[in-house]
Amino acid sequence: MLRWLFSHTIQPRARWYVLLFFDDPAVYLQSLRRLEKKIGRIDYESRSLINGRDLDFGKLSTKRVLKIISFQKSFETRHLLDFARRIAQHRPGTDGEAAIELEGGYVNAWQVVGLRREPAPENIYIDEGHYASVLLTFDPLGARQMKSTPPFFLQKPVLTALGDLRTIMQNER
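Our numbering numbers the first residue of the sequence shown as 55 and each following residue consecutively.
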């Protein structure tokens, strides 16, 4: 009898990214320190992107400013659930409203994957109420969107930042 066995020894490497939506720069700096303690050293930080001027956040956030960060160490994609838990635990704020909103995911050589909190037909269930969704795929001509990709991720500043992360990751080899 033949059995097909998947080798778990080769896992694609990825760079974790976090989108941080905020209004108060002090809360942002506090969040950076907490994320560095939980996940690791941050080595990429985008410029501040202002809602309405640089891009349109749409339904993604009601906050005013966005920064995209990434961490120095690349990880194997099988650690996605652990990363999702660490992001979910980071919720500073008062009065029931988060002072900062976080969206996480990873970039590898082939795609951008985002973490999601709600079930949807295009989302992949990871575990414990966490889902993942492929947002973009890369080919020699550039980034390609999926049917379910939110318009936010198709805006030039976001595509540029995610492309930069992909280039950094590929140069780490």
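Virtual Cβ for every residue (Gly too), placed ideally from N, Cα, C.
Cβ of residue i within 8 Å of Cβ of residue j?
i           : j           : result
residue 72  : residue 123 : yes
residue 80  : residue 161 : no
residue 190 : residue 156 : no
residue 134 : residue 180 : yes
residue 125 : residue 106 : no
Would you kindly report the start and end of the unbroken beta strand (DSSP E) that includes residue i?
i           : result
residue 191 : 184–193
residue 217 : Element bounds for residue 217: not the beta strand (DSSP E) but the alpha helix (DSSP H), 210–225.
residue 163 : Where residue 163 is concerned, there is no enclosing beta strand (DSSP E), given that its DSSP letter is neither H nor E.
residue 124 : 119–125
residue 68  : 67–76
residue 172 : It is not in any beta strand (DSSP E) - residue 172 carries neither H nor E in the DSSP assignment.
residue 197 : 196–199
residue 97  : 96–99
Could you check if residue i is buried or exposed, using at least 16 other CB atoms within 10 Å of its CB as the buried criterion?
i           : result
residue 141 : buried
residue 195 : exposed
residue 83  : exposed
residue 61  : Per-residue confidence for residue 61 stands at a pLDDT of 48, beneath the threshold of 50, marking its modelled position as unreliable; no derived number is given.
residue 214 : exposed
residue 116 : exposed
residue 221 : exposed
Quick one: residues in its chain with C-beta nearer than 6 Å to the C-beta of residue i, no 5 flanking neighbours on either side, listed in chain order?
i           : result
residue 113 : none
residue 76  : 82, 117, 119 and 154
residue 70  : 125, 137 and 160
Give the single residue among the options whose Cα lies nearest to the Cα of residue i.
i           : options               : result
residue 85  : 152, 70 and 109       : 152
residue 99  : 226, 219 and 196      : 219
residue 183 : 109, 171 and 176      : 171
residue 203 : 97, 173, 166 and 223  : 166
residue 138 : 118, 168, 226 and 128 : 168
residue 176 : 200, 158 and 209      : 200
residue 74  : 226, 136, 159 and 91  : 159
residue 225 : 96, 91, 128 and 92    : 128
residue 235 : 97, 78, 91 and 92     : Outside the displayed range of the chain (55 to 227) lies residue 235, so it cannot be described from this structure.
Excluding five sequence neighbours on each side, which residues of the same chain lie with their C-beta closer than 8 Å to the C-beta of residue i?
i           : result
residue 66  : 130, 131, 162, 163 and 164
residue 174 : 185, 187 and 202
residue 209 : 109 and 110
Just to confirm my understanding: we take residue i, look at its own chain, exclude 5 residues before and 5 after, and list those with CB closer than 7 Å. What are they?
i           : result
residue 205 : 112
residue 211 : 103, 108 and 109
Quick one: give me the first and last residue of the alpha helix (DSSP H) that residue i is part of.
i          : result
residue 84 : 79–92
Please find out if some non-hydrogen atom of the ligand ATP comes closer than 7 Å to the beta-carbon of residue i.
i          : result
residue 93 : Of ligands this structure carries none, so the ligand ATP is not represented either.
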